[in-house]
Ligand SMILES: Cc1cc2nc3c(=O)[nH]c(=O)nc-3n(C[C@H](O)[C@H](O)[C@H](O)COP(=O)(O)O)c2cc1C
């Protein structure tokens with residue numbers, strides 16, 4: 002049993018794992034923390050889960066153009082960048098997985114994380130930020146990549162610009178309430 006900051010009793014172990022790029026970003030300019038990280042932090046606040054930041058061993062550049070160039074090259078050659086440390090996903094029941102859309106796909110370092118773990122029987126709930134392409138088909142792609150996982154939530158996504166607003170966080174909370182990922186959660190009254 003886990004009691005969250007809201008006093009909600011969870012009977013499932015929750016992990017919030019995500020990648021996010023602090024630095025120059027599309028539309029919002031230079032930001033730190035990144036857009037996906039803001040959503041991740043709010044999910045952590047509401048659920049009382051544990052955090053795992055997918056932190057690339059070789060950080061991405063700060064400026065947008067260099068980051069884009071590096072990301073596009075990794076995608077072209079299907080590189081799987083290393084990330085620092087790791088987390089025993091096997092110990093969790095529910096994993097929120099957050100990422101920005103990069104070049105119409107998941108950032109390759111998120112594939113590194115996915116491919117290192119066994120997702121069988123895990124409830125996986127993706128949350129995504131982008132600047133126009135929506136989830137870019139990644140929610141459906143995850144169904145193939147995460148063999149045995151139970152995907153929930155429909156691929157919640159919003160623009161990075163929206164993620165940086167109160168309205169965006171309210172939408173996130175509405176979605177969290179709607180997905181009933183934990184029976185206790187459905188009784189929650191999480192006011193923002
Ligand atoms: C390398 C790179 C590639 C991107 N490619 C896309 C894309 O294909 N479609 C899209 O809508 N937004 C794209 N974006 C915008 C990001 O998805 C958006 O800014 C997101 O909110 C960034 O989240 P973060 O701050 O957590 O990294 C890209 C941004 C970067 C840096």
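In the numbering used here, the protein residues as written are 2 to 193.
Backbone N, C-alpha and C define an ideal beta-carbon position, used for all residues, glycine too.
TODO: Give a single yes or no on whether residue 32 has its beta carbon closer than 7 Å to a heavy atom of ligand 1.
DONE: Yes, Cβ of residue 32 sits closer than 7 Å to a heavy atom of ligand 1.
Open item on the list: Using a Cβ-based criterion (distance less than 7 Å to any ligand heavy atom), does residue 104 qualify as near ligand 1?
Closed with: Yes, the Cβ of residue 104 comes within 7 Å of a heavy atom of ligand 1.
Open item on the list: Contact between the segment 102 to 110 and the segment 132 to 151 is defined here as three or more beta-carbon pairs at a separation below 8 Å; is this criterion met?
Closed with: With three or more CB-CB distances shorter than 8 Å, the segment 102 to 110 counts as touching the segment 132 to 151.
Task: residue 38: CB within 7 Å of a non-hydrogen atom of ligand 1 - done: At least one heavy atom of ligand 1 is nearer than 7 Å to the Cβ of residue 38, so yes.
Task: Rounded straight-line distance, which links the Cα of residue 148 to that of residue 175 - done: One C-alpha to the other measures close to 28 Å.
Task: Expected contact under 8 Å - CB spacing of residue 137 and residue 106 to nearest Å - done: With a Cβ gap of about 7 Å, residue 137 and residue 106 count as contacting.
Open item on the list: With H, G and I counted as helix, E and B as strand and the rest as coil, what does DSSP make of residue 130?
Closed with: Assigned with DSSP and collapsed to three states, residue 130 falls in strand.
Task: residue 65 - containing alpha helix (DSSP H), residue span - done: From DSSP, the alpha helix (DSSP H) with residue 65 extends over 65 to 77.
- [ ] Look at residue 124 and residue 182 and say whether their C-beta atoms are less than 8 Å apart.
- [x] Yes.
Open item on the list: I'd like to check one pair, residue 64 with residue 92: are the Cβ atoms closer than 8 Å?
Closed with: Taking a C-beta distance under 8 Å as the contact criterion, residue 92 and residue 64 do not qualify as a contact pair.
TODO: Would you tell me roughly how many angstroms separate the C-alpha atoms of residue 172 and residue 22, rounded to the nearest one?
DONE: Inter-residue distance for residue 172 and residue 22 is about 22 Å (C-alpha atoms, whole angstroms).
- [ ] Would you list the one or two residues that DSSP bridges to residue 52?
- [x] According to the DSSP secondary-structure assignment, residue 52 is paired through a beta bridge with 17.
Task: Inter-residue Cα distance where the pair is residue 95 and residue 54 - done: About 16 Å.
Task: Validate contact between the segment 106 to 115 and the segment 14 to 21 using beta carbons, cut 8 Å, 3 pairs - done: By the criterion of at least three beta-carbon pairs nearer than 8 Å, the segment 106 to 115 is in contact with the segment 14 to 21.
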